[in-house]
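Engineer: First, the structure itself, so that you have it in front of you.
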Amino acid sequence: MVACISSTFFFFLLLLLPHLFPLLPFRQISCAKTDTVTATLSLRDGDGETAIVSSNGTFELGFFSPGQSRNRYVGIWYNSVSPRTVVWVANRQIPLNATSGVFRIVKPGSLVLLDGASNRTVWSINSSRSTRNPVAQLLDSGNLVFRDGDGEADFLWQSFDYPTDTYLPGMNIGRNLLTAHDIYLTSWKSSEDPGTGDYTYSMSLDGYPQNFIMKGSVVMYRSGPWTGSQFSGSPNSRKSPFYEIGFVFNQTEAYFTNQLLDSVLTRATLNPNGVLERTIWVPRTRGWTIYLTVPTDTCDTYKLCGANGQCSIQSSPLCGCLDRFVPKKPSDWVKGDWSGGCVRRMRLSCNGDGFLKYSGIKLPDTKNVWFNQTMTLQECNARCLKNCTCMAYSNLEVRNGCFMWFGDLLDIRLAAKEGQDIYIRLAAPELVSKLSSSEKKRKILTITLLPVAGVLMLTLVIVASYIRWRKHSEPKHEVRRMHNNESNNDEFELPLFDFSTLIKATDSFSAKSKIGEGGYGPVHKGMLDNGHEIAVKRLSKTSTQGHGEFKNEVLCIAKLQHRNLVRMLGCCIEGDDKLLVYEFMPNGSLDTFIFDEAQSRHLDWPKRFQIINGVARGLTYLHHDSRLRIIHRDLKASNILLDSNMEPKISDFGIARSFGGNEIEAKTNIIVGTYGYISPEYAARGLYSVKSDVFSFGVLVLEIVTGKRNTKFCHPDSDVNLVGHAWNLHRECRSIDLVEPHLRDTPSLSASEVLRSIHVALLCVQQRPEDRPSMSSVILMLNNEGVLPQCKQPGFFTEDNTTFYDKAESTNEITITSLVPR
Numbered sequence: 001m002v003a004c005i006s007s008t009f010f011f012f013l014l015l016l017l018p019h020l021f022p023l024l025p026f027r028q029i030s031c032a033k034t035d036t037v038t039a040t041l042s043l044r045d046g047d048g049e050t051a052i053v054s055s056n057g058t059f060e061l062g063f064f065s066p067g068q069s070r071n072r073y074v075g076i077w078y079n080s081v082s083p084r085t086v087v088w089v090a091n092r093q094i095p096l097n098a099t100s101g102v103f104r105i106v107k108p109g110s111l112v113l114l115d116g117a118s119n120r121t122v123w124s125i126n127s128s129r130s131t132r133n134p135v136a137q138l139l140d141s142g143n144l145v146f147r148d149g150d151g152e153a154d155f156l157w158q159s160f161d162y163p164t165d166t167y168l169p170g171m172n173i174g175r176n177l178l179t180a181h182d183i184y185l186t187s188w189k190s191s192e193d194p195g196t197g198d199y200t201y202s203m204s205l206d207g208y209p210q211n212f213i214m215k216g217s218v219v220m221y222r223s224g225p226w227t228g229s230q231f232s233g234s235p236n237s238r239k240s241p242f243y244e245i246g247f248v249f250n251q252t253e254a255y256f257t258n259q260l261l262d263s264v265l266t267r268a269t270l271n272p273n274g275v276l277e278r279t280i281w282v283p284r285t286r287g288w289t290i291y292l293t294v295p296t297d298t299c300d301t302y303k304l305c306g307a308n309g310q311c312s313i314q315s316s317p318l319c320g321c322l323d324r325f326v327p328k329k330p331s332d333w334v335k336g337d338w339s340g341g342c343v344r345r346m347r348l349s350c351n352g353d354g355f356l357k358y359s360g361i362k363l364p365d366t367k368n369v370w371f372n373q374t375m376t377l378q379e380c381n382a383r384c385l386k387n388c389t390c391m392a393y394s395n396l397e398v399r400n401g402c403f404m405w406f407g408d409l410l411d412i413r414l415a416a417k418e419g420q421d422i423y424i425r426l427a428a429p430e431l432v433s434k435l436s437s438s439e440k441k442r443k444i445l446t447i448t449l450l451p452v453a454g455v456l457m458l459t460l461v462i463v464a465s466y467i468r469w470r471k472h473s474e475p476k477h478e479v480r481r482m483h484n485n486e487s488n489n490d491e492f493e494l495p496l497f498d499f500s501t502l503i504k505a506t507d508s509f510s511a512k513s514k515i516g517e518g519g520y521g522p523v524h525k526g527m528l529d530n531g532h533e534i535a536v537k538r539l540s541k542t543s544t545q546g547h548g549e550f551k552n553e554v555l556c557i558a559k560l561q562h563r564n565l566v567r568m569l570g571c572c573i574e575g576d577d578k579l580l581v582y583e584f585m586p587n588g589s590l591d592t593f594i595f596d597e598a599q600s601r602h603l604d605w606p607k608r609f610q611i612i613n614g615v616a617r618g619l620t621y622l623h624h625d626s627r628l629r630i631i632h633r634d635l636k637a638s639n640i641l642l643d644s645n646m647e648p649k650i651s652d653f654g655i656a657r658s659f660g661g662n663e664i665e666a667k668t669n670i671i672v673g674t675y676g677y678i679s680p681e682y683a684a685r686g687l688y689s690v691k692s693d694v695f696s697f698g699v700l701v702l703e704i705v706t707g708k709r710n711t712k713f714c715h716p717d718s719d720v721n722l723v724g725h726a727w728n729l730h731r732e733c734r735s736i737d738l739v740e741p742h743l744r745d746t747p748s749l750s751a752s753e754v755l756r757s758i759h760v761a762l763l764c765v766q767q768r769p770e771d772r773p774s775m776s777s778v779i780l781m782l783n784n785e786g787v788l789p790q791c792k793q794p795g796f797f798t799e800d801n802t803t804f805y806d807k808a809e810s811t812n813e814i815t816i817t818s819l820v821p822r
């Protein structure tokens, strides 16, 4: 504590202390009962500065310059974290561009930042209360508080009430209803400019409280209402072992808060690109690990599917209408414009209307709801039914309270595990799902009294149907049997194609219709009678794959729906013939573009970056968001298909494996996959996990950037492969030399995106699986401007590693017995 003394001599001596001892750590500063001022933090010559450290050593307050900027700011950051991670900035709008500044207490009660050159006030707190003994203190929570030092517990001002871009444990997001003061986050302009950026994360009290991410006045993301344990339909608000989210809503205040449950460093930061990112500090790696982000995926885009529409990340297209609703503008929906939303199939009449229960959804926008916190669900139903303008109702929390919506239902997404129930008003005929008993009797009586001719005709129809059923029952039972062996709980329904239909569609599998061939067999392009183009994959009699791979592909693909996974339309089993039917990809596979000198010129950098991101999103879905954790095990350029918009689709799940529950890795004695993409731990010990796919993804990114195959790359001066060459150039800060020559001088090339992509690829191909990032982290690293972790030496650094494969082919006592190239 530094006390102010009325003596002029001691006063000036005190002012000189920071200059005489620039590293003196002041923990608390105060002012005695005098009109003099106290200098607590001083900046001189751009490098001599004092600092205040919290009592537990976690946080530090002082002057700093972000990145390469020469501007100076007063801020709070983690004391023991490197590189410096700033959590609060005082003068974010008016930086100091001089080499001196003073942060001090001014009587009768204010905290100010002065420009040392002009002595003008750059920043000050807005406390209107005077105090005889003002004290400024940095608490262990990272909260800078200003209070009366004579024992009053209340804070006159605190930085937690005026956050910048970071949400710390103990901080609130919301509104003081008595003073109308809002507490919210605002992004930085950039990593080197902490000024107020474009994005805010705040609570809206229109209707029932919700949190929004907004860009200016445009809503980008909505959290959904609080349900008592999480935000509605939001997997990212799940219970955490590190912190607990709470919600307070009464007559004086409304806010969300988060409290620590464990002694970890965690923060939520609103990035300059509008992504709210929760990170955890990991002392072992000395780095921040991304724990969750919002928005999570495309379905978190506000109002993406319009009124009464629903978004499902597992569907293609993403948007659809609620059951018993139809597109308002069907022609726009065909074009992928869902903003017009949906309308009821049958108009409401008020009298006789009823409600249909919809489960597992993120509750619609609560801006225009009526709510009651004590009403039961039955009372809510009765009240909504009496009001012809009430369109839906639901519990306010899981078991009590009442929401009533008036008007269109906006921003709905399917969220099976995290979603809630809602009851939507429909016309009476829409609620009739079965015939009444009297109608059934009349129908049976009518059939019984049909003339004999009608009975004979019906008999003929039955016989014909039976013959048709016998003809096609075997393949249908075969597919169902495959599924029942895997799971008796999940629903499974895959369309079956007639063999004759596929023969007709592919011109009898003519050579003209053949568009490719893989380890499974030939692939033919076909045209159905309705004009839809299809791709038919037919098991070759000479293929090394067979029933097991066919079964595996059917089980994996049929359960998966994502815009970056190829869509299976059905299958066919006819005797020894086994066929899989997919949506047709007009641009073929990625390898035909990036490894062909002429074709590669059709792929500029934006398209390549789009492909990289699309594959990353597809893998993220497989690893984290699908019902089962899927490991592809054969990710490579030829298994990435491109649609008409060059959107990538991951294909070929013949050797994929699914994990359930808490399984994270498995071991096999037979190594399958493609040389050049297989991870070291899989090749050497038969261990595979999601990190095996991450390794393959890293190799694929390097191939997309360079246009060269990893296995065929030849360096004139060394024996390194493509991965090793990329590693060497990265260490020499020459990664840009990896880019295909014809791309380097194009105006569309983004050097920052290229370098970030290469860096992320090298993180993915690191030797140890635990060092590789998750695919969700990969997406964030590719599309953010934050500092990336340092890379460690990759696996299979040189071509000398190929000697392992020669050994793997021979019989030995090692658990690896064979390698099957594909």
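Position 480 of the sequence shown, counted from 1, bears residue number 480 in the UniProt record's numbering, the numbering being contiguous throughout. Even glycine gets a Cβ: it sits at the ideal position worked out from N, Cα and C.
1) Which runs of the beta strand (DSSP E) at least 3 residues long sit entirely within the UniProt domain "Bulb-type lectin" (34-159)? Give them in chain order.
2) In the DSSP assignment, the alpha helix (DSSP H) including V760 goes from what residue to what residue?
3) Give, in chain order, every unbroken run of the alpha helix (DSSP H) that is at least 4 residues long and sits entirely within the stretch 714-744.
4) Between which two residues does the beta strand (DSSP E) carrying V536 extend?
5) Quick one: grab the DSSP three-state call for F499.
6) What residues are listed by DSSP as bridge partners for A254?
7) The alpha helix (DSSP H) that contains S696, what's its start and end?
8) Does DSSP classify A416 as helix, strand or coil?
9) For D206, count neighbouring Cβ atoms within 10 angstroms of its own Cβ and tell me buried if that reaches 16, exposed if not.
10) Are the CB atoms of V699 and Y682 within a distance shorter than 8 angstroms?
11) Please report how far the alpha carbon of L763 lies from the alpha carbon of P789, in whole angstroms.
12) Have a look at V705 and I655 and give me their C-alpha separation to the nearest angstrom.
13) Run through DSSP, which three-state label would Y621 get?
14) Counting only C-beta atoms, is V87 closer than 8 angstroms to chain D at any point?
15) Beta-carbon separation of G309 and C321 under 8 angstroms?
16) Note down, one range per segment and in chain order, each alpha helix (DSSP H) of at least 4 residues found wholly within the stretch 282-368.
17) Mind checking who Y582 pairs with in its DSSP beta bridge?
18) By Cβ distance, which residues of its chain are closer than 6 angstroms to I313, with the 5 residues on each side in sequence left out?
19) From this set, M346, S750, L318, which residue's C-alpha is nearest W333's C-alpha?
20) With a cut-off of 8 angstroms, do at least 3 Cβ pairs link the stretch 101-120 to the stretch 60-74?
21) State the beta-bridge partners of F231 as determined by DSSP.
22) If we count Cβ pairs, one from each stretch, closer than 8 angstroms, do we get three or more for the stretch 335-346 versus the stretch 181-197?
23) Roughly how many whole angstroms lie between the Cα atoms of C733 and L590?
24) Once DSSP output is grouped into helix, strand and coil, what is the label at Y423?
25) Only counting the same chain, and skipping five residues up and downstream in sequence, which positions put a Cβ closer than 8 angstroms to that of T746?
26) Going by the CB atoms, is the gap between T266 and Y243 shorter than 8 angstroms?
27) Distance, Cα to Cα, E517 vs F653?
28) Classify D800: buried if its beta carbon has 16 or more other beta carbons within 10 angstroms, exposed otherwise.
29) So, helix, strand or coil for E379, using DSSP?
30) In angstroms with no decimal places, state the Cα-to-Cα distance between V701 and F609.
31) So, for N372: in the same chain, excluding its five sequence neighbours on each side, which residues have a beta-carbon less than 6 angstroms away from its beta-carbon?
32) Where do the N-terminal and C-terminal ends of the alpha helix (DSSP H) with P680 fall, by residue?
33) Excluding five sequence neighbours on each side, which residues of the same chain lie with their C-beta closer than 6 angstroms to the C-beta of D262?
34) Who are the Cβ neighbours of S626 in its own chain at under 7 angstroms, not counting the five residues just before and after it?
35) Can you tell me which of the three DSSP states L528 falls into?
36) Can you list, in chain order, the residues of its chain whose CB lies under 6 angstroms from that of P773, leaving out five sequence neighbours each side?
Structural biologist: Once the coordinates are examined:
1) 38-44, 51-53, 59-64, 73-78, 86-89, 101-106, 110-115, 121-124, 134-138, 144-148, 155-158
2) The residue you call residue 760 lines up with position 760 of the sequence shown. Taken as a continuous stretch (DSSP letters only), the alpha helix (DSSP H) holding V760 covers 751-764.
3) 722-731, 741-744
4) Taking the first residue of the sequence shown as position 1, residue 536 is located at position 536. It spans 533-538 - the beta strand (DSSP E) in which V536 sits, taken as one unbroken run.
5) Taking the sequence shown and counting its residues from 1, the one referred to as residue 499 is at position 499. Three-state DSSP puts F499 in a helix.
6) For the purposes of this step, residue 254 is taken as residue 254 along the sequence shown, with counting starting at 1. Beta-bridge pairing links A254 to R175, F249.
7) Taking the sequence shown and counting its residues from 1, the one referred to as residue 696 is at position 696. S696 -> alpha helix (DSSP H) spans 690-706.
8) Stepping through the sequence shown from its first residue, residue 416 is reached at position 416. A416 falls in the coil class under three-state DSSP.
9) Indexing the sequence shown from 1 puts residue 206 at position 206. It is exposed - the Cβ of D206 has fewer than 16 other Cβ atoms within 10 Å.
10) Here residue 682 is taken as the residue at index 682 of the sequence shown, counted from 1. Here residue 699 is taken as the residue at index 699 of the sequence shown, counted from 1. Not closer than 8 angstroms, so no.
11) Here residue 763 refers to the residue found at position 763 of the sequence shown. Here residue 789 refers to the residue found at position 789 of the sequence shown. Those two C-alpha atoms are separated by around 8 angstroms.
12) Taking the sequence shown and counting its residues from 1, the one referred to as residue 705 is at position 705. Taking the sequence shown and counting its residues from 1, the one referred to as residue 655 is at position 655. Cα-Cα distance, rounded: 27 angstroms.
13) Within the sequence shown, residue 621 is the residue found at index 621, counting from 1. Here Y621 sits in helix by DSSP.
14) Considering every chain present, this structure includes no chain D. It has just one protein chain.
15) Locating residue 309 in the sequence shown gives position 309, counting from the first residue. Locating residue 321 in the sequence shown gives position 321, counting from the first residue. Taking 8 angstroms as the Cβ cut-off, G309 and C321 qualify as a contacting pair.
16) 330-334
17) By 1-based counting over the sequence shown, the position of residue 582 is 582. Note: Y582 sits in a beta bridge opposite A535, M568.
18) Sequence index remark: in the sequence shown, residue 313 carries index 313 (1-based). These residues qualify, in order along the chain: D297, C299.
19) Counted from its first residue, the sequence shown places residue 333 at position 333. Looking at the Cα atoms, L318 is the closest of the given residues.
20) yes
21) Locating residue 231 in the sequence shown gives position 231, counting from the first residue. In the DSSP output, where bridge partners are listed per residue, F231 has W226.
22) no
23) Here residue 733 is taken as the residue at index 733 of the sequence shown, counted from 1. Here residue 590 is taken as the residue at index 590 of the sequence shown, counted from 1. Cα to Cα, the separation comes out at about 28 angstroms.
24) In the sequence shown, counting from the first residue as 1, residue 423 sits at position 423. Correct three-state label for Y423: strand.
25) On the sequence shown, residue 746 is found 746 positions in, with the first residue counted as 1. Closer than 8 angstroms at the Cβ level, and outside the excluded window around T746, lie D604, W605.
26) Here residue 243 is taken as the residue at index 243 of the sequence shown, counted from 1. Here residue 266 is taken as the residue at index 266 of the sequence shown, counted from 1. Yes. Within cutoff.
27) Reading the sequence shown from its first residue, position 517 is the one you call residue 517. Reading the sequence shown from its first residue, position 653 is the one you call residue 653. In a straight line, the C-alpha of E517 is about 15 angstroms away from that of F653.
28) Within the sequence shown, the letter at position 800 stands for residue 800. For D800, the predicted model reports a pLDDT of 43, less than 50, meaning its position is unreliable and no value from the coordinates is stated.
29) Locating residue 379 in the sequence shown gives position 379, where the first residue counts as 1. DSSP places E379 in helix when its eight states are reduced to three.
30) For the purposes of this step, residue 701 is taken as the residue at position 701 of the sequence shown. For the purposes of this step, residue 609 is taken as the residue at position 609 of the sequence shown. Computed Cα separation, rounded: 9 angstroms.
31) Start at 1 with the first residue of the sequence shown, and residue 372 comes out as number 372. Only C402 meet the Cβ criterion.
32) Looking up residue 680 in the sequence shown gives position 680. 680-685 is the extent of the alpha helix (DSSP H) around P680.
33) Translated into the one-based positions of the sequence shown, residue 262 becomes position 262. Answer for D262: F242, listed in chain order.
34) Taking the sequence shown and counting its residues from 1, the one referred to as residue 626 is at position 626. Closer than 7 angstroms at the Cβ level, and outside the excluded window around S626, lie L560.
35) By one-based count along the sequence shown, residue 528 stands at place 528. Here L528 sits in coil by DSSP.
36) By 1-based counting over the sequence shown, the position of residue 773 is 773. Same-chain partners within the cutoff: L763.
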